[in-house]
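First residue of the sequence shown? That's 10 in the numbering used here, and the numbers climb one at a time after it.
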Amino acid sequence: MRVHLLKEEYGGQLKPEWRSFLLRPHPDGSRNLEKFKRYTKNWMRIAEDEPSGNFREWATDESPPSHSIPPHLVAKAAAELGGEAFDVMHEALLKAYFAENRDISSESTLRSIWDECSLPRDDFERWTNPAHMKATIDEHNEALNCGANGAPAFRLVHINAAIVGAQPVPVLSRWIKRAIDGEI
């Protein structure tokens with residue numbers, strides 16, 4: 010949501026490149042649903058800071074995602090089909106997790122989301138391409154090296170540092186303007 014507003018504001022001067030950052034890089038089958046539901050109450054603070062995406066506390070009995078890698082691989086598979094396919098998939102993954110409370114680490118859930126996005130059914134298997142795993146891990150490590158320790162995180166190509174957290178649009182806008190003006 011916020012990135013879309015910034016793209017509108019800066020037009021061709023801003024070229025966002027979505028990169029992987031893994032909040033949960035390793036599978037953890039021991040996650041406790043009730044504890045996770047309590048954790049998702051924190052999402053409401055983010056939702057209060059307009060503009061925000063669509064958030065709701067976890068209200069289903071679906072397990073929390075076991076780790077972050079599968080949705081990143083599926084997003085990269087969609088990106089192979091083009092920017093529009095990636096954008097549709099990215100929005101669908103955010104909606105599935107934050108608004109619909111679906112386990113986006115589950116292959117069957119990811120398959121359903123792929124189909125809901127009307128992407129070519131046979132292309133879903135692209136998510137298993139080892140190059141996607143390598144890119145995801147490499148991007149995650151790059152983010153760590155830039156100081157990212159959460160999501161979302163933002164960085165400028167020419168700066169080896171990240172701004173972490175759901176920052177207000179004016180904060181990000183000032184940062185981008187200063188970069189365009191050569192101040193940073």
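Think of the CB as a built atom: it goes at the ideal place given N, C-alpha and C, for glycine as much as any other residue.
Values in this document were obtained by computation on a predicted structure and should not be read as measured data.
Quick check: the Cα distance between residue i and residue j, rounded to an integer number of angstroms?
| i | j | result |
| --- | --- | --- |
| E125 | K44 | 30 angstroms |
| L15 | P179 | 9 angstroms |
| V166 | A157 | 14 angstroms |
| E17 | P25 | 12 angstroms |
| Y19 | A160 | 23 angstroms |
| Q22 | A105 | 31 angstroms |
| A188 | Q176 | 17 angstroms |
| R194 | S117 | The structure shown does not extend to residue 194, since the chain is modelled only from 10 to 193, so the question has no answer here. |
| N138 | H81 | 12 angstroms |
| E109 | A56 | 15 angstroms |
| E93 | G38 | 33 angstroms |
| K186 | F107 | 30 angstroms |
| L42 | E192 | 46 angstroms |
| A84 | F95 | 6 angstroms |
| I113 | W184 | 32 angstroms |
| T69 | N150 | 32 angstroms |
| S182 | H13 | 12 angstroms |
| R9 | C155 | No statement about residue 9 is possible, as the shown extent of the chain runs from 10 to 193 and does not include it. |
Is there at least one non-hydrogen atom of the ligand FAD closer than 7 angstroms to the beta-carbon of residue i?
| i | result |
| --- | --- |
| I146 | Summarising the ligand content, the structure contains no ligands, and the ligand FAD is consequently not present. |
So if DSSP puts residue i in a beta bridge, which residue, or which two residues, is it bridged to?
| i | result |
| --- | --- |
| I172 | F163 |
Looking at residue j and residue i, is the spacing between their C-beta atoms short of 8 angstroms?
| i | j | result |
| --- | --- | --- |
| P73 | R40 | yes |
| H141 | H76 | no |
| A86 | W136 | yes |
| R111 | E71 | yes |
| R130 | P60 | no |
| A152 | A162 | yes |
| D58 | L90 | no |
In three-state terms, what does DSSP make of residue i?
| i | result |
| --- | --- |
| R130 | helix |
| S121 | helix |
| D190 | coil |
| R11 | helix |
| T145 | helix |
| D96 | helix |
| E32 | Sequence check: residue 32 is Leu here, not Glu. DSSP places L32 in coil when its eight states are reduced to three. |
| N59 | A small correction: the amino acid at residue 59 is Glu; Asn does not occupy that position in the sequence shown. In this structure, E59 counts as coil in the three-state DSSP scheme. |
| P179 | helix |
| I185 | helix |
| I78 | helix |
| K50 | helix |
Handout entry: Three or more C-beta pairs below 8 angstroms linking the region 155 to 175 and the region 26 to 33
Key = yes
Practice task
Could you tell me whether the region 48 to 56 touches the region 65 to 80, using the rule of 3 or more Cβ pairs below 8 angstroms?
Solution key: yes
Problem - Stretch-stretch touch, CB-based, cutoff 8 angstroms, three pairs: the region 113 to 131 with the region 96 to 105 - result: yes
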